[in-house]
Amino acid sequence: MRLFLPILFFVLTAMPLFAAVDIAPRGKDPVRITDVYQQGGVPYIAVEDALDAVGLSGHWNSIKHVFLIRSARGWAEISPASGYLKLGEDYYPLREKPRFIDGRLRVTDSFVLNQLSLLVGKPIYFNNLDPDSDTIAEEEPNSLEQLFAFLLNKKVKRSGPLIRAVAIDPGHGGLDTGAIAENGFKEKAVNLKVAEKLTKQLKMKLGIPIYLSRDGDYELTLEQRLAPASKEDVDIWLLLHAQASLSAQPRGVNLFIRPEEGASVTVAEEEEQQPVKLSESHQLAAQLAQALREAGIEVNGIYRSSLLSLGRGDLPTVQVELGYLSHPEELKSLQDDEYQERLAQALYQGIRYYAKAKKESVQ
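If you count by mature numbering (1 follows the signal peptide of the UniProt record, and there is no 0), then the sequence shown holds residues -19 to -1, 1 to 344, one letter each, in order.
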């Protein structure tokens, strides 16, 4: 019995703890759901349970690999491969993607409060009864913390070329399509095309190593995406993405840097900043913005972002949102090979500007 009790204690402490939430449409009695997992304070609820609590129904389509939701507004669909809820011809962005946990597709409180409220047509009450629980194993965050720490402690080489190598992450891939245009064109495709063209420019004209997170249409883990940036000789990290909006009006390129590296800056404000006051990432973003504008490409600004993909630390890093798939004219451009080449050429030129500015600053 003395042996059994320690073993039992270990098993109980190692098992994931189950949380609970209350959900109800306005005017209805709350339904308590206990099959809930928490990650960093975010509850993940089985989508079937959430639907049942608000009077909707749905099922998993094993052929299309999507979950279909029946509502008064028509059929909606979600997928662990997409960051959007599709309702008819419209796409609604999700704060967190659905994910399979313990054999069930699960959604978060944000999905319940926003997307389910949209489908039900009325506000939804949601109460997380265990907001401080953490039921997902910590192995992956810990390994990412180690990589982020490496980036934080990365040292600048004191001799040799100022730009020794560049890491490029073409966003999404495989089942993770990214944003999808009305005509079915997928963000993952333009990300990879521009990355390939930029890689060719850098290799041909600078003769330096280029590390791509992916060179084909396949999905990556977050660690795999970050791996190229961990190379010892990498001095620049570019992440290539495209956007979509609920409106067809937004267009242009957006540049994102880490939040600790300066305040949100518009193009007009950016031009008034003194380069010596800017972080390395901000300096790189400013040079990219200049080169893009010189190429006749609209740039909206440079913005802080807490995106996990940007990592942490002092490695010069910029996430480039190449344009909006939801803007009809810009969509045509993003699908055009010549425009993709123009984007790549402008990004290459921006890297050259950055390298030149760095050289002048150390002389």
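From the three backbone atoms N, C-alpha and C, an ideal C-beta is built for every residue, glycine too. No experiment lies behind these values; they were computed from the predicted model shown.
Inter-residue distance for Glu261 and Gln20 is about 33 Å (C-alpha atoms, whole angstroms). Contact between Leu296 and Ala210 holds: their C-beta atoms lie close to 6 Å from each other, under 8 Å.
Judged by DSSP secondary structure, Ser314 falls within the alpha helix (DSSP H) whose first and last residues are 309 to 316.
Secondary-structure assignment with DSSP links Arg87 through a beta bridge to Ala27, Arg80.
Taken atom to atom, the span from the alpha-carbon of Glu275 to that of Leu203 is near 34 Å. Here DSSP, grouped into helix, strand and coil, assigns Ala208 to helix. In this structure, Leu324 places its C-beta atom within 8 Å of the C-beta atom of Leu303. In this structure, the CA atom of Asn164 is about 18 Å from the CA atom of Gly64. Taken through DSSP and simplified to helix, strand or coil, Leu328 comes out as helix. For Lys103, the closest alpha carbon among the candidates Pro151, Ala5, Lys78, Pro309 is that of Ala5. Collapsing the DSSP output to three states places Pro190 in coil. Selection Glu77, Glu200, Met185 evaluated against Leu173 yields Glu200 as nearest (Cα-Cα). Put simply, the backbone Cα of Thr298 is about 5 Å away from that of Trp218. Taking the Cα positions, Ala62 is about 45 Å away from Glu341. Under the three-state reduction of DSSP output, Asn172 falls in the helix class. From the listed residues Asp196, Pro190, Ile189, the smallest Cα separation to Val175 is found for Asp196.
Contact annotation, Ile283 with Ala272: C-beta distance approximately 13 Å; criterion of less than 8 Å not satisfied. Given a length threshold of 3 residues, each whole run of the beta strand (DSSP E) inside the region 260 to 294 is given here in chain order: 280 to 285. Between the C-alpha atoms of Lys186 and Ile278 there is a straight-line separation of about 22 Å. Membership of Leu220 in any alpha helix (DSSP H) is not indicated; the residue belongs instead to the beta strand (DSSP E) covering 215 to 224.
In terms of CA proximity to Gln224, Val301 leads the group Val301, Lys45, Gly36. Within the model, the alpha-carbon separation for Ala31 versus Ala(-1) is close to 14 Å.
One alpha carbon belongs to Lys67, the other to Glu58, and they sit about 5 Å apart. If you draw a 10 Å sphere on the C-beta of Asn235, you find 16 or more other C-beta atoms in it, and that means buried. Counting along the chain, the unbroken beta strand (DSSP E) around Ser52 starts and ends at 47 to 52. When only Cα atoms are considered, Val280 and Ala327 end up about 12 Å apart. When beta bridges are read from the DSSP output, Thr298 appears opposite Trp218. With respect to Ile144, Thr180 sits apart: the two C-beta atoms are not nearer than 8 Å. Residue burial annotation: Lys337 is exposed, with fewer than 16 other C-beta atoms found within 10 angstroms of its C-beta. Beta-bridge partners of Val17 (DSSP): Ala(-1), Ile26. If you compare the alpha carbons of Leu306, Asp318, Phe92 with that of Pro24, the shortest gap goes to Phe92. A residue is called buried when at least 16 other Cβ atoms come within 10 angstroms of its Cβ; Ser307 meets this threshold and is buried.
Contact annotation: Ile14 and Ile26 have beta-carbon atoms nearer than 8 Å.
Taking C-alpha positions only, Trp56 is separated from Tyr72 by approximately 12 Å. In the structure shown, the three-state DSSP call for Glu341 is helix.
Taking each of Val101, Ser52, Tyr18 in turn and checking the Cα distance to Val88, the smallest one comes out for Tyr18.
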